[in-house]
Every structure is written in structure tokens, then in C-alpha cells.
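Q: Below you'll find the structure I mean.
Residue numbers (the working numbering): 6 to 308.
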């Protein structure tokens, strides 16, 4: 266990108190909404320059209008050509990338096919970020030391990758598709760290906890009432949800804490590394191979 004075109620601002990120470049996918917006604000307030790639750049610029040191660019994580074009633009204008936070995501959406027919959760939450990290590898290694943070979810040991049908072509279930993509986020960070550590690029996955954000936009109110998240009036269940600033704390901590300099590949909750490893190395390597085959990118760990 690493030393930390932070916990479930700490905010991103608490985590960054006393940390100076002046001169550092960070990239936060989804950095203009929900947890991502809170993360962007906290990093810029600590002095970082933050690049926010956005599916809707105009909406991102509006959301970030009062935030200094932010740069918005176009990115569609569901479209590999868009990911490639964004990475090319980034590498031309930024010599190094110190922090990459993969925060964008979708949850429990109706069955949706993107790109070459990929299931949307797996494509956006995992494959798009896998491709992005690969294509930004030169900037990550140029930073001297860099961190990649994959924003996952709560970890249930029963979750599995659907190896024989990762695209849910045989029976779609929105929650199984979501949890597969979040497990993929954990496995991705595990293997990325294994490949990147000799290049001084470390990776972590995080569970931000329960937060009400636009991530729930595909859920009907009745469904959230039935789950016990809110009451019939829309009031959140007492004590269940964190604020967005508290939710952003663990990903900011994983991206910046000097106490984590010797760590990597870990799954973090409430600004702490969890006991034991919740992921299997062989599963992580298998997912990496599948992702490389699907996207055509396998650049991480290469010089």
C-alpha cells in the first residue's frame, strides 16, 4: 500500500494542493463534462496546460469558457480515422505529453454499432482509448516520466471479457456490454504499464465511485428509481453519490501523486491502491492482442 492522506471525500483540489504542474501538458478525454470537466479544472488550477479532445468542440469550448490554459480539438473515439487525425495534430504541436487521462465514456446505451460494426461501449470506452494511447506514444515517452490513467468503474470479480463475442453480435445486454468495457479499461492499464515502465510511462486504472453525471443520460428515471439511486422525485439516495470534484479526485491522484512514482498497473479506489491485483496478467495480454488486431495499432513499448 502507498502512503496517502486522502480518501472517499477528498476532492481533486485537495489532491493537488501543493503540487505545481506548471509546464506540464495533460490530455483529458471527455474533459468538458462531468468528471472530465472537474478533472480539467483541477489540473489547470495546478498550472497544467490541458488538451481536451471533444466529439462536440463547440460544446466543449462553451463548457470551458472560464477555464484558462485549455485547448479544445476534435476527436471521435468511435472513429479510428478521427483518432489518427487528432494524434497527428497533437504530435505536430506538442513535443511531449505528461498526463493522459482516458475519462470519456458511455454507459448502458441501446445497442449501437460504430466503425466496422463494433459494439459502441467496447469501441468508445476501450478501443478508441487504446488507439489514442498507441498513437500518442512518442509524446508520452518524450515527457521523461508520464502517466496514463484509465477511468474504469467498480470492479466485480464476476465480470468477464466475452472472448468468443466481444462485439455482442449474439445477444446484446447493455449492462454486460458496459461492464465488459470497464473491465477492459482495467486490463488495458495493467498491460500498458507492463510495456511502458521501461520507458518511464506508468499506467493506472481507477474507480471514481458513484457520481450523477451526464453518463446516466441513457437511463430512464424509472430505472434509476428501481435501482435505488434516486427517489420518485429525482432526489439522490442519501450518502450514495460523490460530488464530481470528489469523483475526479482518484484519477487526478493517480495522475500526479509523487507517492506513486514506484507504482503502476494498479487499480485505485478512493485515492488508494487496492490490496492485491484485481486483474489477471494473461487476460490483460490477451485483450491487448485482440485490441491490436482490431485497430491495427501496436506501438506501445516500441522505441
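Even glycine gets a Cβ: it sits at the ideal position worked out from N, Cα and C. All of these numbers come straight from a predicted model, not from anything done at the bench.
#1: For residue 262, count neighbouring Cβ atoms within 10 angstroms of its own Cβ and tell me buried if that reaches 16, exposed if not.
#2: Short check: CB of residue 65 to CB of residue 77, under 9 Å?
#3: Please classify residue 115 as buried or exposed, where buried requires at least 16 other C-beta atoms within 10 Å of its C-beta.
#4: With C-beta atoms as the reference, is residue 192 less than 9 Å away from residue 288?
#5: Using C-beta distances below 7 Å, list every residue in its chain close to residue 300, excluding the 5 sequence neighbours before and after it, in chain order.
#6: Could you check whether residue 21 and residue 42 sit closer than 9 Å to each other, using their CB atoms as the reference points?
#7: Pull up the distance between the alpha-carbon of residue 166 and that of residue 268, whole angstroms please.
#8: Can the beta-carbon of residue 13 be found less than 9 Å from the beta-carbon of residue 251?
#9: Determine the contact status of residue 195 and residue 201, defining contact as a CB-CB distance below 9 Å.
#10: Using CA atoms only, rank isn't needed, just tell me which of 274, 102, 210 and 91 is closest to residue 147.
#11: Out of 9, 113 and 11, which has the shortest C-alpha to C-alpha gap to residue 181?
#12: Can you determine whether any heavy atom of the ligand ADP sits closer than 8 Å to the C-beta of residue 98, and answer yes or no?
#13: Quick one: Cα of residue 144 to Cα of residue 169, how far?
A: Inspection of the coordinates gives the following:
#1: Classification of residue 262: buried, given that the 10 Å Cβ count is 16 or more.
#2: Cβ atoms of residue 65 and residue 77: closer than 9 Å.
#3: Residue 115 should be labelled exposed.
#4: Going by beta carbons, residue 192 and residue 288 fall inside the 9 Å limit.
#5: Within its own chain, the residues whose Cβ lies closer than 7 Å to the Cβ of residue 300, once the five positions on either side in sequence are excluded, are 85, 132, 135 and 136, listed in chain order.
#6: Taking C-beta atoms as the reference points, residue 42 and residue 21 fail to come closer than 9 Å.
#7: Roughly 25 Å between the two C-alpha positions.
#8: Inclusion of residue 13 and residue 251 in the CB contact set at 9 Å is warranted, their separation being smaller than that value.
#9: Taking a C-beta distance under 9 Å as the contact criterion, residue 195 and residue 201 do not qualify as a contact pair.
#10: Ranking the options by Cα distance to residue 147, first place goes to 102.
#11: Nearest of 9, 113 and 11 to residue 181, Cα basis: 113.
#12: Among the components modelled here there is no ligand, and therefore nothing to report on the ligand ADP.
#13: Counting only the Cα atoms, residue 169 lies some 35 Å from residue 144.
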